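Heads up, the sequence shown is in my numbering, so the first residue is 404 and it goes up one at a time.
Ideal Cβ placement from N, Cα and C applies to all residues, glycine included.
The model shown is predicted, which means the values in this text are computed figures rather than measured ones.
Here is the structure we will look at.
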Amino acid sequence: MAHYIIQAIAFQLFFLIVYDVFLKKETFFNWNRAYLLITAILSFVLPFIKIEMFKNIVPQQFIITLPDVIIGKQNPIVLDEVFIEGVNQASSFSWSWMYLFYLGSAIAFSIFAYKLIKIIQLIYGNPKQQESNLQIVSLKNSRDAFSFFNYIFIGKQLANEERETILMHELVHVKQKHSFDMLFFEILRVIFWFNPFIYMYQNRISVVHEFLADAEAVKHNKAQYYQNLLSQVFHAEQVSFINPFFKESLIKKRIVMLQKSKSKQVQLLRYALLIPMVFGMLIYSSCSDTTQENEVTTTSLSKNDSSILENIATLKESIAANGEMTTEEEKALKTLLMLVSENGLNEPFFQDVVDRAEIPFGVIEHVPVFPGCENAEDSRKCFAQSISKHVGANFNSKLGEELGLKGLQKISVFFKIDKNGNITDAKARAPHEQLEMEALRVIKMLPKMTPGMQDGKAVNVPYYLPIKFEINE
Numbered sequence: 404m405a406h407y408i409i410q411a412i413a414f415q416l417f418f419l420i421v422y423d424v425f426l427k428k429e430t431f432f433n434w435n436r437a438y439l440l441i442t443a444i445l446s447f448v449l450p451f452i453k454i455e456m457f458k459n460i461v462p463q464q465f466i467i468t469l470p471d472v473i474i475g476k477q478n479p480i481v482l483d484e485v486f487i488e489g490v491n492q493a494s495s496f497s498w499s500w501m502y503l504f505y506l507g508s509a510i511a512f513s514i515f516a517y518k519l520i521k522i523i524q525l526i527y528g529n530p531k532q533q534e535s536n537l538q539i540v541s542l543k544n545s546r547d548a549f550s551f552f553n554y555i556f557i558g559k560q561l562a563n564e565e566r567e568t569i570l571m572h573e574l575v576h577v578k579q580k581h582s583f584d585m586l587f588f589e590i591l592r593v594i595f596w597f598n599p600f601i602y603m604y605q606n607r608i609s610v611v612h613e614f615l616a617d618a619e620a621v622k623h624n625k626a627q628y629y630q631n632l633l634s635q636v637f638h639a640e641q642v643s644f645i646n647p648f649f650k651e652s653l654i655k656k657r658i659v660m661l662q663k664s665k666s667k668q669v670q671l672l673r674y675a676l677l678i679p680m681v682f683g684m685l686i687y688s689s690c691s692d693t694t695q696e697n698e699v700t701t702t703s704l705s706k707n708d709s710s711i712l713e714n715i716a717t718l719k720e721s722i723a724a725n726g727e728m729t730t731e732e733e734k735a736l737k738t739l740l741m742l743v744s745e746n747g748l749n750e751p752f753f754q755d756v757v758d759r760a761e762i763p764f765g766v767i768e769h770v771p772v773f774p775g776c777e778n779a780e781d782s783r784k785c786f787a788q789s790i791s792k793h794v795g796a797n798f799n800s801k802l803g804e805e806l807g808l809k810g811l812q813k814i815s816v817f818f819k820i821d822k823n824g825n826i827t828d829a830k831a832r833a834p835h836e837q838l839e840m841e842a843l844r845v846i847k848m849l850p851k852m853t854p855g856m857q858d859g860k861a862v863n864v865p866y867y868l869p870i871k872f873e874i875n876e
């Protein structure tokens with residue numbers, strides 16, 4: 404959700420920059436209105452649109468990360484899974500953000516409802532006059548003038564000539580249904596109250612509405628129209644989703660725009676800038692979606708690689724013991740290997756894996772001995788328990804909170820105990836880089852062991868250690 408909101412806000416920023424730099428000063432007011440409405444909608448829709456052909460525009464090697472599969476001459480001993488619990492206080496923090504979001508929306512809705520009630524009170528608290536499909540509301544002791552849908556509010560203190568000119572202006576707002584535009588952005592303000600660009604959109608389209616109404620109304624009596632704008636500063640109802648005739652901050656802009664020459668038709672080409680912008684945004688949203696999908700795939704595979712390695716280890720032991728591979732075993736091994744390959748495996752690669760299967764160290768004569776396990780009845784069991792105890796005692800269980808992680812995190816650790824009993828070639832794979840680093844730190848803290856022995860000689864022994872890190876919310 405956060406990624407979607409960030410994309411929508413970024414798109415709105417780009418759309419507004421293009422509008423302010425290239426379009427705002429043009430006299431194509433209907434085009435500007437359409438641009439603001441369309442781009443506001445596009446900013447929320449584009450992040451959902453994923454076009455398959457755009458996913459291949461970014462080279463595949465830069466966006467796809469698949470986990471490595473270790474299939475070598477030595478089969479790692481699979482240790483018992485280590486389970487670590489941590490408490491994620493960040494989850495409660497994320498809930499506080501949700502509460503803040505709902506609180507902000509509730510406040511924004513309350514303000515919106517207050518404005519609406521205020522207009523309803525004006526409608527029912529003042530005399531009305533029906534003209535065609537319009538309702539003209541006469542405001543007592545007021546010189547205000549504004550419109551809201553089919554209602555035109557006009558102060559009784561205005562002179563007759565002023566009333567006629569203002570009515571023509573407000574009639575344009577009603578006919579062109581400007582209130583729908585304002586209401587649309589008002590609803591967006593309730594939902595996305597934290598987004599400053601929604602307010603900027605609403606401000607810009609309200610200015611365009613005034614330009615549109617001015618351009619039509621000034622055709623009837625230009626002198627009177629200028630006089631009404633310049634005579635004095637009126638204090639219209641300050642409601643963000645109405646169209647007030649007199650708004651002090653807009654009067655200068657409106658006069659300047661009225662005096663401006665019409666833009667040349669060739670300037671309409673500027674609106675074509677929308678095409679490459681939308682195209683680029685579609686590429687971005689499609690490729691970013693691909694990246695997220697691949698991250699999910701990588702995480703999912705890492706959660707299953709323990710069982711995959713165990714099954715491969717079992718098959719290789721069977722192959723080594725029998726000296727050959729049965730048809731069923733061949734199919735099983737190929738299936739397992741397919742699980743960790745995006746596009747499947749070709750026959751040469753598969754055959755290479757089979758050819759490299761040798762006697763595994765899962766049946767080693769004397770496994771490495773953990774310090775303190777020399778006299779244990781079952782040195783393998785003692786070794787596994789000691790490793791589990793070491794990891795549980797030294798792993799930073801607060802890391803989940805620091806990284807803002809939730810639920811179950813799977814970490815896969817590969818390491819060797821060399822001929823001297825030292826930990827070497829340690830590698831880790833996890834959904835988060837910091838988890839990998841922490842796992843490696845803990846494994847490298849292991850004490851020096853008594854090395855494994857095969858045929859009376861010290862040998863390197865590879866191990867695979869699955870770690871489950873449970874972050875309780």
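Contact belief for residue i with residue j at Cβ below 8 Å, rounded distance in angstroms
i	j	result
S541	Q533	Contact doesn't hold; Cβ gap of about 12 Å is too wide.
I874	G810	6 Å
F588	I608	7 Å
K851	G824	5 Å
R436	V611	5 Å
I412	N598	6 Å
L570	I557	7 Å
Q857	L838	About 33 Å separates the two Cβ atoms, so there is no contact after all.
F504	V593	Not confirmed; about 12 Å, so no contact.
Y674	W500	In fact, because the Cβ distance is near 38 Å, the residues do not count as touching under 8 Å.
L416	F552	About 31 Å; that fails the 8 Å criterion.
Bridge partners - residue i, DSSP secondary structure assignment
i	result
H769	M856
A861	M856
L542	G558
Contact check, residue i vs residue j, beta carbons under 8 Å
i	j	result
F872	F614	no
L449	L685	yes
K819	P854	no
S789	G775	yes
F786	Y867	no
T442	F418	yes
E567	S550	no
I555	I539	yes
P865	S815	no
S688	Q410	yes
K521	K543	no
H576	A618	no
I826	K860	no
E768	F798	no
E429	S582	no
L843	A833	no
L676	V421	yes
L802	Y604	no
Limits of the alpha helix (DSSP H) - the one that residue i falls within
i	result
F590	The amino acid occupying residue 590 in the given sequence is Ile; Phe does not appear at that position. Unbroken alpha helix (DSSP H) run through I590: 581-594.
D617	599-620
I444	432-448
E573	563-578
H406	405-421
A842	836-847
Run of the beta strand (DSSP E) containing residue i, from where it starts to where it stops
i	result
I555	554-558
A548	548-551
Test: residue i CB closer than 8 Å to a CB of chain D
i	result
I569	Among the chains of the structure shown, chain D does not appear; only one protein chain is present.
As an exercise, report each continuous beta strand (DSSP E) stretch of at least 3 residues that is fully enclosed by the segment 515-540, in chain order. 531-534
Beta strand (DSSP E) segments (min. 3 residues) lying fully within the segment 766-832: 810-820, 826-832
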